[in-house]
Each structure stands twice: as C-alpha cells, then as structure tokens.
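A.B. asks:
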Amino acid sequence: MSLKNALAPFGIWARALARPYTIPVEDIMRAPADRYRGWHTNDAEACIGCGSCSDICQNAAIDMVVNRDATKGDTGLRPMVDYGRCCWCALCVDVCPSGSLGLSSEYTWVDKDPEVFRYVPGVDKKPWDDDTKGWHGGEWDLINHDRVPMSMLPGETRGQTWAEVVLGYSEEEAQREAARCLECGICTAACPAHMHIPEYIGAIRDGNYEQAVNLIYETNPMPEMCGKVCTRRCEDVCAHAKQGEPVAIRWLKRFATERFDDLREVIKADVAPIGVGKRVAVIGGGPSGITVAYYLAIRGFEVNLYEALPTLGGATFFGIPKYRFPMPSLEKQVDMLRGAGVKLHVNSPVDAALFEELRSTHDAVFIGAGLMRGKAMRVEGEDAPGVVNALTFLLEHHLRNNTDSDKVSKEPVVLPGMKVAVVGGGNTAIDAARVSLRLGASEVVISYRRRKEDMPADWEEIEDAEHENIQIDVQAIPLRIEQTPDGRLDLIWGPAEMVADKPGARPKPVLVEGVENHLVVDRIIGAIGQGPNLRWLSPEAQGTIADKWGWIKVNEDGMTGMPGVFAGGDLVNETADAISAIADGLRVVQGIPRWLGLQ
Amino acid sequence: MTIENPHVEKETQLWVGPQHPGVTGNMAIQVWLTGDTIQRGITHVGYLHRGFEKLMERRKFIQSFPIVCRICVPEPDTNEYLLAASIEELGGITIPEKAVWLRTLVLEMSRLASLVQQIGGGAGATGLGAVPNWTYTLRDYILDSFEELTGGRVYHMYMVYGGVRRDLPVGFAERMEATLRKIEERLPYIDKVTFQSSVWRERTQGVGLTDPAWVKEMGISGPAIRAMGFARDVRRDFPYLAYPELDFSVITSTGGDIYARMEIRRHEVVESIKIIRQVLQKMPKDGPVAAPIPNVFTWRIPTGQTYVRAEASRGEMGYYTVTDGSDKVRRVHVRGASYVHGFAMAERMFEGLNIADLHPTLVSIPTCPPEMER
Amino acid sequence: MGVEEKGKVPLLPSGVPVGSKPHATDSTLFAQGRPKPLSLDESVAFIKNWFRAQSLNVMAYGTGCGSIELGPLGTSRFDMERFGITGGPTPRQSSVLIISGYLSVKTLKRVIRSYEQMPNPRWVVALGSCTINGGMYWDSYSTIKILDQYLPVDVYVNGCMPRPEALIAGFKDLMDMIKRGEANGYIEYQNNLDWYRANQRKVIKDWNLPEYSW
Amino acid sequence: MNEFVQEIQARFEVLWSNPQRPDLMQIGVRQVNALPLLTWLKSNTGYFILNHFSAVDWIEDGEFQLTYLLTDYAARRSLMVCVRIDRAAPTAESVHHLWPEAVTYEQEMFEMFGISFPGSPRQGVDLLLEGWEDIPPMRRDFDTAAFAEEAFGFRPGRTHTNPRDRVAIAFGQKGFLHDH
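Residue numbers (the working numbering), protein chains in the order written: chain A, 24 to 622; chain B, 461 to 834; chain C, 3 to 216; chain D, 5 to 184.
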C-alpha cells in the first residue's frame with residue numbers, strides 16, 4: 024500500500040469546483056429529442072381506418088372504434104390507443120399506409136385514475152395534437168409501396184400488332200405482388216360488386232389459385248374481363264395508394280383466372296336450386312345480362328339470353344379492343360354460361376313484339392341492353408363524310424374482325440396512312456385512337472377539352488397510348504369541322520382555359536375567344552359519350568320503364584316500373600362501366616327470386 | 461481478516477433479496493452462513509419472468525422486436541440485433557452497408573452505457589457513492605444520444621429485420637463526440653477512488669475469485685473469463701457486423717477477482733469509445749438504412765434453425781431460433797450471458813465468500829436477472 | 003372478468019367518501035355563509051400532510067424494468083433529494099412503494115408482503131403501461147395485468163418506461179395529493195382488505211403470507 | 005466441418021446434418037446416441053463448452069427436440085446436436101455431470117416443458133414460477149392469452165371493430181356461388 028494510492032481518492036476534491044451535472048429545477052421538464060416517441064397523434068381526416076396499426080400492434084393496444092360513417096375509401100373507424108398496453112414502439116406509425124398516424128414528443132401523463140389512459144388520437148383533443156416533433160412516418164416505412172412492374176409489349180412496336188399488350192404476371196411476380204396486400208378490405212367498399220378482394224389476394228399469395236377463382240366467382244362471372252379491363256375503383260382507394268402504388272388487384276385477378284384454361288371444372292357452386300321451373304328472359308348479353316343469366320342458371324332457373332350481335336359480351340365485346348381483352352378470354356366466360364345451362368340466342372335482336380312475348384312466356388324479364396347510341400359532338404360540319412362516331416367505328420371493326428357477320432362493310436373506316444383525330448377523353452376515345460393506330464393510321468391525335476388529369480380514361484390507358492406515340496392535345500374545344508379542298512377534314516378548335524367551378528366539381532373549360540387552331544386530318548372520330556336507346560321497345564313500354572331521356576329507373580331489387588321486368592347495366596347506372604353492370608346484375612339475382620317469392 | 465468465534469458453529473440461513481438494495485435486479489440469493497462466511501448459496505430467479513419465449517411464439521416476426529429489447533434492460537440492443545440477425549439468416553435477407561454500421565454503432569453505444577453503469581455499480585457495491593453518481597449521469601448522456609438517434613431513451617426498438625429504422629440525425633457525430641469526451645474526462649477521477657485507491661484495492665483484490673479450471677466446464681464469457689487471462693471475445697472470435705473492419709483490442713487480466721473484472725471494464729470503456737469513433741468516421745455517408753422487407757403481416761420463413769451470437773457487456777449472448785414455415789417463430793431460446801454466471805458459476809463462488817463480499821461479487825460477474833429468466 | 007365487485011366506497015377519516023368532491027349544491031357550503039375555521043384536528047391533519055408530502059421515502063425495490071430510470075433520478079443529474087424524495091432501504095422505513103412496471107405473480111407476493119410491512123401512511127406509485135392493463139405482457143402467463151386489483155394505487159405515471167422527468171411530475175402530483183389529503187390508497191386498502199385479499203389469493207396459488215394485524 | 009461430421013458418423017449414427025453457416029454445423033442423432041456422443045465430444049474434441057441447451061416442441065410430430073450447442077472456441081466453430089424425444093413420456097438423460105450449468109437448463113426445461121432428466125439435481129424444484137398448476141407453459145398446447153385472460157382479466161371498456169367486417173356490413177358484401 025503506497026502513500027500515493029492511499030491519497031489518490033482525495034484527488035477527486037478537484038471536482039468540487041467543477042460545474043455540477045444537476046439539471047436546475049426550472050429546467051427539469053426537458054424538451055426531448057426531435058424523434059422522441061411520445062403520445063399518439065392522428066390526422067383523423069387523412070386516416071382511412073384501415074386498421075393496419077391495430078394489426079401490427081403486438082400488445083393489442085389499438086382498437087378500431089366507430090367514429091363516422093363508412094364511405095368508399097374510409098371504413099369510418101379510427102384507432103383508439105390504450106396506454107395501459109402501449110409500448111411506444113411506433114410500429115403503428117411506420118406501418119400506417121396513409122401516413123396520418125404519428126407520435127408526438129410529449130412524455131408526461133400522470134393521473135390517479137387508471138381509466139383515463141385511453142383516447143382516440145386526432146378525435147379526442149389533446150394538448151399535443153399539433154406537435155410537429157416526435158416520430159412520424161415517411162422516412163422509412165414497414166410496408167412496401169412499390170408495385171411489382173407488369174411486363175408489356177414494347178411501346179414502339181405494339182402499334183403494329185393486335186397482340187395483347189399486357190403480358191400478365193408470372194407466378195412468382197403474382198405472389199410477390201399479392202404479398203403486398205394489407206388485407207384491410209377498404210377496396211371491397213369501392214368495388215361496385217363488393218368482391219372478396221383481400222380473401223382472393225390472400226389465396227393467390229398462398230398459391231391456392233383454385234380457391235382464389237372460386238372466391239372471385241362469388242360475385243363476378245366475368246373475372247377474366249375484369250382482370251384485364253376493369254376500371255378498378257378498388258385500386259383508387261387501396262391503402263397503398265395514399266403514399267405509393269396500389270396493389271395490382273386487377274392484374275392479380277387476371278393472373279388467377281388465366282391459370283385455368285377451363286373454369287367449369289374449377290368453380291364449385293353450392294346453391295339451393297330454388298328456381299327450378301321458373302323461366303327468366305335476359306335481353307342483352309353484356310356483363311349485367313351474363314351475371315343475371317349465370318347466377319340464376321346455377322340456381323335452377325331456365326334462362327334464355329337474347330343478344331342482337333353474333334357474339335356475347337356486349338360492350339366488352341364490341342367496345343373493348345382485342346389487344347386488351349382477346350376473344351379467347353371472352354369465349355372462356357361464355358363457356359361458363361353454357362356450362363350453367365343458359366340458352367343463348369345470338370343474332371336475336373328483341374323488338375316490341377318479342378318483348379311482349381317474352382313477358383308472357385317468362386316469369387321475369389331482365390333488360391341489360393346497354394348504351395348503344397354514340398353521342399353527337401354537336402359541332403358544325405359533323406355530318407361530313409369521314410366523321411364517324413367511336414361506338415360505330417369500334418362496333419364495325421370488331422364485327423368485321425371477330426365474327427362472320429355480313430352486316431358490316433369490308434372496308435375499315437381508317438385506312439393505312441391516314442391521319443386520325445379522336446375527340447374526347449374517355450376510355451372509348453383512347454380505344455378508338457389505339458385501334459386506329461393498329462389499322463395503320465400514320466398519326467393519331469386525341470383532342471380533349473380539359474386537362475390531362477381530368478381525363479376520365481384510365482391513367483394506365485393514357486400512358487399506354489402515349490407510349491404508342493399517340494398525341495394528346497388538351498384544353499382544345501372543337502368549334503367546327505370543315506372540308507378542305509383536297510378532300511380532307513379540318514378540325515377547327517379553340518384553346519380552353521380552366522375556370523374553377525363550384526367546390527367539389529371539376530374545373531370547367533372556357534373557350535378563349537378569338538383564337539382558332541386547325542387540325543387537318545383524314546378521319547375524325549367523335550368519342551364524347553354514349554346514351555341510351557330504347558327505341559326497340561313500344562312507346563308505352565318506354566314510358567313505363569324509362570324517363571324521357573331513356574334512362575331506366577329501378578327499385579332496390581332492380582325492378583322497373585313494369586312488374587316482372589328488371590333492368591341493370593349502363594342503362595340504369597349511367598356509368599358505362601362493366602363492374603357496375605355486374606353489380607346491377609347481382610342486385611337482380613337477388614331481386615328476381617325475392618319478387619317471385621322464392622326466398 | 462475473519463474473526464474466529466468458537467460459538468458460531470450453527471448454520472444460519474439468510475435470504476438476500478429480492479427486496480434488497482444490494483442485488484443486481486429483482487433476484488434473490490439464499491445463503492447458508494457460518495458466522496459471516498457463506499457455506500453455500502443458491503440463486504433464485506423468476507421474479508422478473510415474463511415468458512418472452514412464449515410470447516414470441518405468438519407474435520409475428522416484426523412484432524417480436526418491441527418485446528425482445530425488454531429482455532435486458534441496461535443493454536437492450538444486443539437482443540434486437542440477435543433476433544434481427546437470426547431472422548435475416550433464416551429468411552434470407554441481406555442488410556445494406558449503412559445498416560451494418562448503424563447497428564455496430566448502436567451495439568457499441570449500448571455496451572458502453574452498460575459498462576459505465578457496471579463500473580458505477582461495482583464501486584457502489586463497495587460503498588463508494590460518488591462513482592455511481594457520476595456513472596449514472598455519464599450513462600444518461602449516452603441515453604440522450606440514443607434518444608436522438610432512435611427515439612427512445614432506454615428501449616430503443618431501433619433495429620428490425622432488414623436493417624434499422626432511421627438514419628443518423630444531422631450533427632449526431634459531433635454531439636456523440638462531446639459525450640465521449642465527457643466520459644473520458646471523468647475516467648481519471650473514477651480511477652482515483654477505485655483502481656488507484658489502496659482501500660478499494662484491499663477490498664476487491666483476491667475477493668470473489670474464479671478458478672480458470674472452470675473455463676473447461678462452463679460457458680463462462682465476457683469480463684469474467686477475460687479476467688482469468690483468456691482473450692475470448694465474440695467480436696473477435698466470431699466476427700459480425702462491422703467489427704472485422706474495426707481496430708480494437710481484447711482486454712485481459714489475470715487476477716480472476718473483483719478487481720480484475722472491474723479493471724477490464726474500465727479499459728473496455730476506452731476500447732468502446734475508440735470503436736464508436738471509428739464507426740462514426742468510417743460509416744458510409746449515405747445509402748439506404750434498411751433492405752426492402754417483405755409484407756410484415758404475412759411473411760413466412762421456411763423451416764430452419766440457427767444460433768446467432770454477439771458480445772454483450774456481460775459476455776456472450778446468443779439466440780437459438782427455430783422457424784417452421786409459418787409467420788411466427790417456432791421457438792426462440794435466449795442464451796443470456798449471465799445464465800451461466802448467475803447460476804453455476806456464482807453458486808461455486810459463494811462457497812467460502814464473506815457475506816459482505818456477496819454483493820460486490822455479484823455485481824462484478826455480473827448477473828442480469830431479466831436475461832437469466834426472460 | 004373474474005374479479006369480485008368492489009365493496010362499499012371507503013370513507014376518509016372525516017366521513018367523506020374517497021374520491022367525492024364537495025358539490026356546489028351542498029347545503030353545508032351555503033348555510034354557514036362564511037368559511038369555517040379549521041378545527042384543531044383538521045389543522046393538525048393539514049400540517050401533518052404538509053410535512054409528509056415533503057419527505058417521501060421511496061422503498062428501494064426494483065420490481066420491474068422501470069426501476070432502471072430510478073437510478074438516474076436518485077443520482078446527481080436529476081437529484082430527487084432536492085424535491086424531498088429519498089430512498090428507504092427497508093419497507094419499515096419507507097413511505098412510497100414504486101411498482102416499476104410489470105409484476106410477475108412471484109414478485110407480487112413479495113410486494114404485498116413489503117407493502118404490508120410499510121407503516122401508514124404509505125403510497126403506491128405505479129409506473130408504465132403494464133400496471134394499468136398488462137402493457138406489453140398482456141398475454142403473459144406470469145404477470146398480473148391490473149395492479150389496482152391487488153394493491154391500492156395512488157398515482158399512475160404512464161410511459162414505457164416513463165422518463166425520469168415524468169417520474170418527477172408523478173411525485174409532484176403525489177405530493178400535491180398528500181397535501182390535499184387525497185392520497186388515501188392505504189385507507190382504501192384497509193377498508194377493502196377482504197376484496198384485495200380475495201384478488202391476491204386468486205393469483206397467488208401457494209399462499210403462505212403471514213396475516214398482518216390491522 | 006464435413007470431415008468432422010464423418011468422424012462422428014464413424015462412431016455414432018448421424019441421422020442428418022446441415023451446414024447452416026461455415027461456423028455452425030447442425031446434426032441430428034438418435035436419443036440413445038445422445039449421451040455417448042456428448043460425452044465423447046466433451047472429452048475427446050474441442051467441443052467441450054455447452055453454450056446452450058434447450059427444447060423445441062414439435063407437437064404435430066408428437067416429439068420434443070432437445071438441442072445442445074457445443075462450441076470449440078479454439079477452432080471458432082459450433083456444433084448443434086439435435087435429438088428428438090417422445091413427447092408423450094418426455095425423459096432424457098441428464099448431462100449435469102458433464103456441464104454444471106446444465107443443472108439449471110434441465111431444471112428450467114422440466115418446469116417449462118415437462119421434460120424430466122432423471123438424476124439431475126433440483127429436478128422439480130421451482131425455478132421461475134411458483135405454485136404453477138397448469139400444463140408446462142412452454143408447451144405449444146398451452147394458450148397463454150387464454151390463461152392470462154382467465155387468471156388475471158383485462159381492464160374492461162375496450163371495443164374493437166374489424167375494418168373488414170365493418171365494410172362488409174356497411175356495403176352488404178355477399179357471395180353468390182354459395183348459400184350462406
């Protein structure tokens with residue numbers, strides 16, 4: 024024991040003069056670090072109530088409680104956090120697909136009542152609601168926002184071919200994409216048919232494809248069509264869409280149905296034959312008619328389906344180009360109808376007399392005739408030769424190429440080398456433009472009144488069209504059409520300016536006066552919408568079931584004002600959208616048995 | 461110096477803990493004494509038992525991360541790393557370069573915080589109140605850095621499979637450096653009252669001895685084995701993360717007593733500071749902090765089993781993980797560093813120990829009850 | 003819920019039910035017209051409470067992981083002694099029992115024993131989520147979930163785990179409650195001992211705790 | 005590492021082997037060979053440290069798996085020895101005479117899995133739990149959440165609505181392929 028060592032401890036007296044570590048009393052409630060994880064905050068308006076936070080919470084600390092009405096894209100539930108469970112791991116924040124949930128940096132909460140440590144962030148007001156510090160999402164997320172890319176034909180060459188543009192997922196890609204699903208089920212609210220989307224995506228993820236198609240067929244007898252061309256409102260509201268790319272619900276459905284060449288062996292229906300002995304006539308072989316026919320037929324009804332065209336499919340046949348929805352896919356779905364025992368009468372247009380006969384010989388009649396009249400552009404010179412309606416153009420084209428119908432001319436409207444202008448911004452306009460391109464048009468221009476982001480067409484369709492070098496002129500209001508001396512057409516248009524309309528509505532295009540632009544082309548295709556055409560019915564029948572514009576009004580069972588006559592599809596819902604037509608059909612599938620007293 | 465008392469032949473049974481200021485957490489030592497000499501002792505645990513291994517079997521892989529860090533309170537990050545590394549190995553995920561360095565940083569920071577705390581605990585156990593006063597504060601400065609980096613003070617929940625959850629905040633390196641300097645400044649003062657003080661040396665040298673022969677029998681690790689002259693360190697023997705690229709030495713001593721074990725910690729603090737400086741310097745400046753991870757709700761890992769180890773401040777910590785193709789682990793067995801120290805080794809050390817030396821011995825091994833019983 | 007309903011509302015020494023606040027329509031507040039001076043008993047109680055609040059002796063029993071934050075609180079950086087809080091080495095010398103988070107059933111047994119050894123008045127501070135509704139060990143087979151079924155809790159400090167600052171806030175709240183005569187968990191425990199005992203015995207199967215006289 | 009497995013194979017039957025990592029070899033052996041193998045490893049090779057020892061419940065196979073992890077610190081390699089034992093009557097030979105720390109491992113495994121190690125000291129002495137009356141908690145068929153709710157109860161007042169259910173009810177989600 025040396026003296027030095029014995030004295031060493033006294034050396035620490037040097038510390039007596041140093042500043043103490045102690046935090047002064049007034050500063051004792053220190054501000055925490057920027058990232059500190061304190062009490063929850065939530066932007067209740069941005070929250071979609073998907074429940075991912077509740078699912079990830081290993082402590083079962085988060086309940087989803089009813090806070091508002093469920094809407095499309097919002098379940099109306101909001102997370103309630105039980106601080107008798109929370110451990111402030113912030114996994115709920117990192118997994119939040121809408122990015123609304125966060126943790127404030129507030130850390131003190133003392134109370135003598137154990138019941139108070141529970142609240143709905145963002146709804147129950149708390150002092151830390153506006154704290155911008157704390158742990159928030161965005162820097163790094165637990166969920167994968169990036170979609171598995173879909174392989175497609177290259178944009179430069181596909182304009183010359185009728186081959187299907189989208190190639191479809193491989194099994195590995197589909198499972199990878201399906202694994203992104205958070206299974207919140209918000210999509211089912213937005214889907215008009217309320218398909219069992221999370222369930223079938225889960226089945227695809229697990230490789231259980233047979234179960235997947237069965238789940239799909241629960242509410243959709245044309246899944247391959249929907250898998251290829253659906254307007255997919257489900258994807259618009261997908262929880263992933265808030266901060267990233269939605270799950271490719273449509274491509275997954277396509278993948279599942281394409282796995283099977285013949286679905287008749289795979290689909291296992293298990294329904295009571297309630298309709299044995301009852302007869303139902305279906306007018307129109309489009310999506311709504313097919314839905315009614317299929318689901319009633321498997322319930323034992325004797326179903327007669329009347330279709331004016333040589334092929335079933337309705338708008339999905341004549342409206343949708345075959346590079347999106349090829350004929351074999353359509354045939355597959357029609358085979359399902361045949362397998363279910365539906366009697367198909369093609370090339371059988373229904374007129375007033377036949378309609379009355381159907382009413383008298385059948386227990387119920389369903390009208391799913393669709394919108395067969397293309398709207399006029401209402402510009403001067405519209406009736407010049409070379410100006411056609413998109414609906415007529417597409418119908419003729421498809422009849423000529425896919426059927427042996429003799430009612431169409433052999434000569435296409437658009438010939439190789441022509442320059443074509445398409446007026447309109449919907450899916451029909453894009454289809455007409457892309458079909459024109461494939462018919463050999465040298466140049467195709469789409470002319471639309473509003474901005475590109477206002478176009479009702481599917482954004483993927485717009486992108487695809489652009490990749491095929493289709494030019495899109497926006498904010499162009501057609502003024503009149505003139506014929507040039509060399510036999511071409513001059514589409515004269517004025518630029519439009521976007522003016523804010525009433526809140527909630529799209530901005531309105533207003534013509535800038537005094538400016539006239541010329542677009543000289545060989546063909547002009549008008550694609551500005553479709554309307555109903557019920558002239559095949561007697562005027563009395565028209566008056567009973569439809570309003571003066573030809574739109575049919577139905578009750579909650581899908582029945583029109585005429586007893587026993589049901590309707591659905593575009594004629595009823597005005598959306599011109601296949602999945603809504605299917606949803607209408609499903610309503611009638613319930614409505615007819617109920618009306619007949621079979622349930 | 462033991463007072464020979466001819467009257468004290470009777471054996472006395474004494475419980476030290478669980479409500480005792482001297483034990484290293486909520487545990488109990490049952491000892492049988494003759495006079496003040498311990499004849500034998502048994503470690504009793506279970507007071508902190510929460511059934512982590514059972515709870516993990518009920519939780520999806522990602523959901524296990526917030527709970528594993530609670531297995532060891534002073535040093536939670538080792539648990540997070542080990543679980544992440546096991547799952548990554550079994551699930552086939554490679555983490556990005558930046559995450560490797562950030563993980564190394566966090567692991568070393570938590571080792572440093574724990575070592576600093578143990579020095580204070582060791583000194584406090586021998587009655588030196590000033591040292592824990594200092595070291596708890598120094599540890600607190602490290603916790604401040606943790607809070608800044610990870611958002612949590614004690615439980616960081618910073619690592620998940622795939623990488624880490626956030627990047628370094630701006631200016632972190634400078635503030636960390638300031639903290640490291642504070643620790644370095646204080647070390648000489650700690651030396652003065654402990655390692656240089658002849659009183660403290662008397663108190664700790666030759667006390668709480670371990671026998672090098674035990675090394676062949678038991679899985680002793682950490683300072684306890686290095687104090688017997690074995691340079692065994694998982695960071696060197698089974699390199700993981702960025703440790704192969706770092707320059708550090710494995711400290712050894714030969715006493716095998718309390719003094720030697722505390723001295724090793726004292727030098728490991730310096731090594732740890734050296735490592736943190738290197739990590740902050742060599743860390744890539746940018747790049748992703750985590751690999752893209754599969755859907756946390758539905759990810760399944762094929763059947764497999766593995767054992768992953770890392771060096772905690774108390775010694776080798778290991779996770780034995782079994783997966784069975786489902787979205788949850790089949791079994792996780794946490795091999796806490798002090799499992800061996802607290803039971804088999806401590807019970808041997810108790811024999812012949814003076815009752816007054818029980819607590820300094822326990823602290824110096826050290827034992828950490830939550831990782832012994834989980 | 004397998005727990006029996008709590009019995010009658012316990013009364014304070016003054017005869018006022020615990021937790022009930024004087025109501026504006028109370029005739030006693032209006033009939034006399036002016037505030038009554040404190041009686042001698044009340045004055046003594048006030049002074050006693052005031053002194054009690056200034057010197058809390060926290061029992062050194064780290065029951066769970068939250069005790070790691072008691073270390074910094076006790077040492078120089080946060081220095082709880084300047085607030086009148088200090089450590090008590092044994093139950094008989096302590097007035098505050100901190101339940102630092104989860105309690106395993108095995109520890110609960112020891113905690114009850116420690117609590118019952120503490121002299122009156124005594125207070126219980128519960129830290130973290132685990133004491134409120136099980137916290138992250140809500141589905142664990144070995145930890146209790148709702149602490150106030152087994153021990154009377156005066157103050158909950160939420161957080162997992164609460165920072166030392168939050169603990170100071172909790173202690174300050176406890177002090178204020180003591181000064182106002184509201185921290186009466188120990189009276190509630192005495193008055194509802196049977197209820198607490200029944201709950202305790204329900205989870206502690208091998209009951210060998212001594213019966214302390216009350 | 006493979007030569008070493010062959011060396012073991014020459015003495016004891018190795019059912020399977022799996023090189024998990026360059027420094028971690030896993031082998032499976034029969035229960036009768038477990039103790040001789042471990043004794044041989046401890047006395048004749050560098051693998052004399054028992055790093056960990058635990059059990060896995062393969063309830064669907066009706067078996068428990070005992071896993072011994074031995075490490076050769078000189079060679080910096082580990083060997084995982086897996087043994088399957090019958091779950092109905094789980095008994096295994098104690099290794100406490102080889103490694104003193106196995107005493108607590110075996111004590112814990114008896115308590116948590118109900119696997120008995122005849123001859124091991126402290127068998128049946130409570131380690132982690134007190135007064136446990138249910139089936140051993142680490143067995144797969146023990147439902148800890150149900151036990152917790154029954155034994156301890158949760159604070160009332162919580163309600164949870166599943167988002168999918170709410171959407172399905174609010175929008176009338178149906179199926180038409182099956183009668184429900």
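Backbone N, C-alpha and C define an ideal beta-carbon position, used for all residues, glycine too.
Can you list the beta strand (DSSP E) stretches of 3 or more residues lying completely in the region 357-389 of chain A, in chain order?
C.D. replies: 366-368, all fully within the region 357-389 of chain A.
A.B. asks: With three or more beta-carbon pairs closer than 8 angstroms as the criterion, would you say the region 70-78 of chain C touches the region 589-600 of chain B?
C.D. replies: Output reads yes: the region 589-600 of chain B touches the region 70-78 of chain C.
A.B. asks: At a cut of 8 angstroms, does the region 320-339 of chain A reach the region 355-374 of chain A through at least three beta carbon pairs?
C.D. replies: Taking 8 angstroms as the limit for Cβ pairs, the verdict is that the region 355-374 of chain A does touch the region 320-339 of chain A.
A.B. asks: Going by C-alpha to C-alpha distance, which of A:465, A:461, A:230, A:260 sits closest to residue 441 (chain A)?
C.D. replies: That would be A:465, whose Cα lies nearest to the Cα of residue 441 (chain A).
A.B. asks: Comparing the C-beta of residue 87 (chain A) with each C-beta of chain C, is any distance below 7 angstroms?
C.D. replies: No, its Cβ sits nowhere closer than 7 angstroms to a Cβ of chain C.
A.B. asks: Considering only their Cβ atoms, is the gap separating residue 207 (chain A) from residue 220 (chain A) smaller than 7 angstroms?
C.D. replies: Contact flag unset, no.
A.B. asks: Step through the CB atoms of chain C and report whether any lies within less than 7 angstroms of the CB of residue 509 (chain B).
C.D. replies: It does; some Cβ of chain C falls within 7 angstroms.
A.B. asks: For the region 209-278 of chain A, which segments carrying the alpha helix (DSSP H) assignment without a break, of at least 4 residues, lie completely within its bounds, in sequence order?
C.D. replies: Complete alpha helix (DSSP H) runs here, min 4: 209-213, 220-228, 232-240, 246-252, 256-260.
A.B. asks: Please state whether the Cβ-Cβ distance between residue 492 (chain B) and residue 469 (chain B) is less than 7 angstroms.
C.D. replies: Not a contact, by the Cβ cut-off of 7 angstroms.
A.B. asks: Can you check whether the C-beta of residue 312 (chain A) is within less than 7 angstroms of a C-beta belonging to chain B?
C.D. replies: It does not: the Cβ of residue 312 (chain A) has no partner Cβ on chain B nearer than 7 angstroms.
A.B. asks: Quick check: what's the CA-CA separation for residue 816 (chain B) versus residue 579 (chain B)?
C.D. replies: C-alpha separation (whole angstroms): 18 angstroms.
A.B. asks: Would you mind telling me which residues of chain A sit closer than 9 angstroms to residue 617 (chain B), beta carbon to beta carbon, in chain order?
C.D. replies: Correct list: 60, 110, 111, 112, 113, 114.
A.B. asks: Would you tell me roughly how many angstroms separate the C-alpha atoms of residue 187 (chain A) and residue 429 (chain A), rounded to the nearest one?
C.D. replies: Roughly 26 angstroms between the two C-alpha positions.
A.B. asks: Nearest-angstrom Cα distance between residue 157 (chain C) and residue 271 (chain A)?
C.D. replies: If I take the Cα positions, the gap works out to 51 angstroms.
A.B. asks: Rounded to the nearest angstrom, what separates residue 664 (chain B) and residue 571 (chain B) at their Cα positions?
C.D. replies: Rounded to the nearest angstrom, the two C-alpha atoms are 23 angstroms apart.
A.B. asks: Return the bridge partner residues of residue 788 (chain B) from the DSSP annotation.
C.D. replies: Answer by DSSP bridge pairing, in chain order: B:520.
A.B. asks: So, residue 684 (chain B) versus residue 509 (chain B), is the Cβ gap smaller than 7 angstroms?
C.D. replies: The answer is no: Cβ separation not under 7 angstroms.
A.B. asks: Cβ atoms of residue 68 (chain C) and residue 102 (chain C): under 7 angstroms apart, would you say?
C.D. replies: Yes, they are a contact pair.
A.B. asks: Can you tell me the Cα-Cα spacing of residue 146 (chain D) and residue 222 (chain A), whole angstroms?
C.D. replies: Residue 146 (chain D) and residue 222 (chain A): Cα-Cα distance of roughly 30 angstroms.
A.B. asks: Specify the secondary structure class of residue 396 (chain A) as computed by DSSP and reduced to three states.
C.D. replies: Looking at residue 396 (chain A) - three-state DSSP - the assignment turns out to be strand.
A.B. asks: Could you give the DSSP three-state label for residue 119 (chain D): helix, strand or coil?
C.D. replies: Here residue 119 (chain D) sits in coil by DSSP.
A.B. asks: Within 7 angstroms of any Cβ in chain D, is that where the Cβ of residue 152 (chain C) sits?
C.D. replies: Output row for residue 152 (chain C): interface = no.
A.B. asks: Going by DSSP in three states, residue 472 (chain B) sits in which element: helix, strand or coil?
C.D. replies: If DSSP states are grouped into helix, strand and coil, residue 472 (chain B) belongs with the strands.
A.B. asks: Going along the chain, which residues of the region 694-709 of chain B sit with their C-beta nearer than 8 angstroms to a C-beta in chain C?
C.D. replies: Within the region 694-709 of chain B, no residue has a Cβ that lies closer than 8 angstroms to any Cβ of chain C.
A.B. asks: For residue 232 (chain A), return the contacting residues in chain B, with the cut-off set at a CB-CB distance below 9 angstroms.
C.D. replies: Ordered by position in chain B, no residue passes the 9 angstroms Cβ test against residue 232 (chain A), which lies about 17 angstroms from the chain.
A.B. asks: Sort out for me which residues DSSP pairs residue 169 (chain A) with in a bridge.
C.D. replies: Its beta-bridge partners do not exist; DSSP assigns none.
A.B. asks: Our contact map puts residue 468 (chain A) next to residue 444 (chain A) with C-beta atoms below 8 angstroms; I'd like the distance itself, whole angstroms only.
C.D. replies: Rounded, the Cβ-Cβ distance is 5 angstroms, consistent with contact.
A.B. asks: Might you give, ordered along the chain, the residues of its own chain that have their beta carbon closer than 6 angstroms to the beta carbon of residue 111 (chain C), omitting 5 neighbours on each side?
C.D. replies: Excluding residues within five positions, the ones whose Cβ falls inside 6 angstroms are 206.
A.B. asks: Is it true that the CB of residue 587 (chain A) sits closer than 7 angstroms to the CB of residue 387 (chain A)?
C.D. replies: Contact flag set, yes.
A.B. asks: For a test of the three-state rule: what should DSSP assign to residue 102 (chain A), helix, strand or coil?
C.D. replies: Three-state result, residue 102 (chain A): strand.
A.B. asks: Tell me which same chain residues have a C-beta within less than 7 angstroms of the C-beta of residue 639 (chain B), skipping the five on either side of it?
C.D. replies: Correct list, in chain order: 601, 602, 605.
A.B. asks: Grab the span of the beta strand (DSSP E) containing residue 489 (chain B) for me, first residue to last.
C.D. replies: Looking at the DSSP string, the run of the beta strand (DSSP E) that includes residue 489 (chain B) is 488-494.
A.B. asks: Determine whether the Cβ of residue 134 (chain D) lies closer than 7 angstroms to any Cβ atom of chain C.
C.D. replies: Taking Cβ atoms only, chain C reaches closer than 7 angstroms to residue 134 (chain D), which makes this a yes.
A.B. asks: Apart from the five residues on each side of it in sequence, which residues of its chain come closer than 7 angstroms, Cβ to Cβ, to residue 77 (chain A)?
C.D. replies: Contacts found: 85, 86, 87, 102.
A.B. asks: If I'm right that residue 163 (chain C) touches residue 129 (chain C) with Cβ under 8 angstroms, what's the distance once you round it to whole angstroms?
C.D. replies: 6 angstroms between Cβ atoms; contact.
A.B. asks: Check each candidate in D:152, D:136, D:35 and name the one with the smallest Cα separation from residue 69 (chain D).
C.D. replies: That would be D:35, whose Cα lies nearest to the Cα of residue 69 (chain D).
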